[in-house]
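Participant: First, the structure itself, so that you have it in front of you.
And the structure:
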């Protein structure tokens, strides 16, 4: 949902009596949750891609297959866990477009292999509307499961990779690669959890502006972000609207985390996992989430398609 | 999918390299699968309801909430397991219909409570088309996980409950209760698995004609069914089309299983779980699946809505 008040109505209403893990202080606010500590800390997540909302003709069938896995393993990595198995539900219009199914399967399996996920089963149904792809995924956390609620004043804020790659592609400034085939830093997320480094962590699915505000609200803290410290996507460097693309658009699937660990420890671990990482600011007392020297650009959470 | 060849294309293509559980001889052909024997035999399943395909205005929002849980716990019970946790994904059109969400939540939670399932999390997205509800569910199998592939010639074939209740409601012969609020015999399914009784078991989601053919094909056997032994829904008794409704329509969510256990043992266990159960025929060598004295009526897997 693009509308946070709609989403919170749904969460309040439907998840109202969710017992246990949803309210688990170790993982509040996550898209995924800890199922059962007695099961060796299994975590699970579910994510849906809707044609016309999350993808359109700019993504071919194989891209949709890849992305359905990527957005889910991103949730698992952000919980400091390693993805294990997945279940697929696919709603497809009739008559069946077999070349689309074949392409989807190719991208799906490329991503499953890339992240070492075992597809254990699934369900297919007919859709009178758009293609709807839902993947449910599980992971094993061998260490800490960081939630969004543990950030403390004085913590450094870090992000992985480069921000704005999906936005630059969407806007036609760069190739569509990252929008089509995001590569969330899952093994680094798991390693951070195993090392007990993050006080709070999440993946950047809706953009830094929106996601940092959520992390801060859940943790009961504020934050100060240095715009000059943001790792900007290569294609955006030097552009006057670079910051807008980097903070106000989603689909980057990089990690955002708060920690008081020594910077050298964080950067060394990132290097081990082939991931770049940058400190972008500091967690502060209070509730203000500030971008130093300028206002946050308006949220531009652009959906595919023209549906209202 | 109503078209078995479409579904098998999808399964061949997408589940082609599914490793382990999908090919687990203990649970072949199930909608759900055994995840990992090392995890205390956790089983998982995923099922999707699409507006206009699986429900329409005849089901109110609370019915849809109930049914989304019922069809999933039915899969888990048919694997001889007890449902434990569920994840929900909900695709909803904008603007959000809050009364619908409230009603859905009410029926969902009534069903979760009824079957003792913990909702651990979920995802909500916008749909430019119909409402799409996907539930992913897990269960614990404490005993045998019967698949569809273990039926042996000489086994007796059993079904629970009464057949044709959903069809009678759909056709306007009876109230819509069972179509709206099915109550699959989940605890009996789990108890059967724990007692090691079924050689093969599945739930009747697509009707006896279709589902028995699947069980026999997976087991490499045939079957002979006595139409006079079928437990017919009360509203259908005495009607000339009773058998048609009982065998050629889905949505009953009763259990079908094959066993060589003593009939008294099966009926006693069913009575303990408040479930009726009836022997309807015998597994035979070969591959013919026969309804004694008459042809199988044509499959009438009726979908809601008018979308072809």
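Residue numbers (our numbering), protein chains in the order written: chain A, 230 to 537; chain B, 230 to 537.
The C-beta atom is built at its ideal place from N, Cα and C for all residues, glycine as well.
Only a predicted model underlies this, so the values are computations on that prediction, with no experimental measurement involved.
1) Which residues does DSSP list as the beta-bridge partners of residue 318/B?
2) When DSSP builds the beta bridges, which residues end up paired with residue 276/A?
3) Quick check: the Cα distance between residue 398/A and residue 308/B, rounded to an integer number of angstroms?
4) Three-state secondary structure (DSSP) at residue 506/A?
5) Quick check: what's the CA-CA separation for residue 305/A versus residue 504/A?
6) Could one say the Cβ of residue 400/A lies closer than 8 Å to chain B's Cβ atoms, at least one of them?
7) Kindly indicate the opening and closing residues of the alpha helix (DSSP H) around residue 344/B.
8) So with CB distances below 7 Å, who are the chain B contacts of residue 242/A?
9) Nearest chain B C-beta to residue 288/A closer than 8 Å, yes or no?
10) Buried or exposed: which applies to residue 457/A, given that a residue is buried once 16 or more other Cβ atoms fall within 10 Å of its Cβ?
11) Taking only beta carbons into account, state which residues of the stretch 269 to 301 of chain A come closer than 9 Å to chain B, listed in chain order.
12) Taking the alpha carbon of residue 437/B as the reference point, which residue from 447/B, 416/B and 392/B has its own alpha carbon closest?
13) Within 10 angstroms of its Cβ, does residue 345/A collect 16 or more other Cβ (buried), or is it exposed?
14) Could you pull the start and end residues of the alpha helix (DSSP H) that residue 486/B belongs to?
15) Enumerate in chain order the residues of its own chain whose CB-to-CB distance from residue 454/B is below 6 Å, with the five nearest sequence positions on each side excluded.
16) At the level of alpha carbons, what is the spacing between residue 284/B and residue 369/A?
17) Determine the direct distance from the alpha carbon of residue 271/B to that of residue 243/B, and round the result to whole angstroms.
18) If distances are taken between C-alpha atoms only, which option among 506/A, 489/A and 429/A comes closest to residue 483/A?
19) Near residue 353/A, which residues of its chain fall below 6 Å by C-beta distance, leaving aside the five closest residues on each side in sequence?
20) If the criterion is Cβ atoms closer than 8 Å, does the pair residue 333/B and residue 358/B meet it?
21) Give the list of continuous alpha helix (DSSP H) stretches no shorter than 4 residues that lie fully inside the stretch 416 to 474 of chain A.
22) Using a beta-carbon distance cut-off of less than 9 Å, what residues from the stretch 467 to 482 of chain B approach chain A?
23) Cα separation between residue 516/B and residue 238/B?
24) Tell me, please, whether the CB atom of residue 359/A is closer than 8 Å to any CB atom in chain B?
25) Below 8 Å on the Cβ atoms is my contact criterion, and I expect residue 301/A with residue 366/A to pass it. Report the Cβ-Cβ distance as a whole number of Å.
26) Rounded to the nearest angstrom, how far is the Cβ of residue 321/B from that of residue 356/B, given a contact under 8 Å?
27) Using DSSP with H/G/I as helix, E/B as strand and the rest coil, what is residue 385/A?
28) With DSSP collapsed to three states, give me the class of residue 250/A.
29) Taking only three categories from DSSP, how would you classify residue 312/A?
30) Does the Cβ-Cβ distance between residue 315/B and residue 349/B come in under 8 Å?
31) Between residue 486/B and the rest of its own chain, which residues show a CB-CB distance below 6 Å, the 5 nearest in sequence each way excluded?
32) Here's a check: name, in chain order, each residue in its chain whose Cβ is nearer than 6 Å to the Cβ of residue 403/B, leaving out the five neighbours to either side.
33) Can you tell me whether residue 511/A is helix, strand or coil according to DSSP?
34) Of all Cβ atoms in chain A, is any one closer than 8 Å to the Cβ of residue 353/B?
35) Residue 502/B: which of 479/B, 290/B, 282/B and 412/B sits nearest, CA to CA?
36) Using a Cβ-Cβ distance under 8 Å, would residue 501/A count as near chain B?
Facilitator: With the given structure in hand:
1) Residue 318/B pairs with 352/B and 363/B.
2) Residue 276/A pairs with 364/A.
3) 46 Å
4) If DSSP states are grouped into helix, strand and coil, residue 506/A belongs with the strands.
5) 17 Å
6) no
7) 327 to 344
8) 330, 331 and 334
9) No, its Cβ sits nowhere closer than 8 Å to a Cβ of chain B.
10) exposed
11) So the list reads 269, 271, 273, 274, 275, 276, 277, 278, 279, 280, 281, 282, 283 and 294, given in the order they occur along the chain.
12) Checking every option, the nearest Cα to that of residue 437/B belongs to 392/B.
13) exposed
14) No alpha helix (DSSP H) contains residue 486/B, which is instead part of the beta strand (DSSP E) from 484 to 488.
15) 509, 510 and 520
16) Cα to Cα, residue 284/B sits roughly 36 Å from residue 369/A.
17) Residue 243/B and residue 271/B have their C-alpha atoms some 23 Å from each other.
18) 506/A
19) 319
20) no
21) 437 to 448
22) none
23) 23 Å
24) It does; some Cβ of chain B falls within 8 Å.
25) Cβ atoms of residue 301/A and residue 366/A come within 8 Å of each other, at about 4 Å.
26) 6 Å
27) Strand, per DSSP.
28) The pLDDT assigned to residue 250/A is 35, lower than 50, so where the model puts this residue is not dependable; a value taken from the coordinates is nonetheless given after this. The answer is helix: DSSP assigns residue 250/A an H, G or I state.
29) Residue state, collapsed to three classes: strand.
30) Contact: yes.
31) Closer than 6 Å at the Cβ level, and outside the excluded window around residue 486/B, lie 387, 427 and 430.
32) 397 and 464
33) Here residue 511/A sits in strand by DSSP.
34) yes
35) 412/B
36) no
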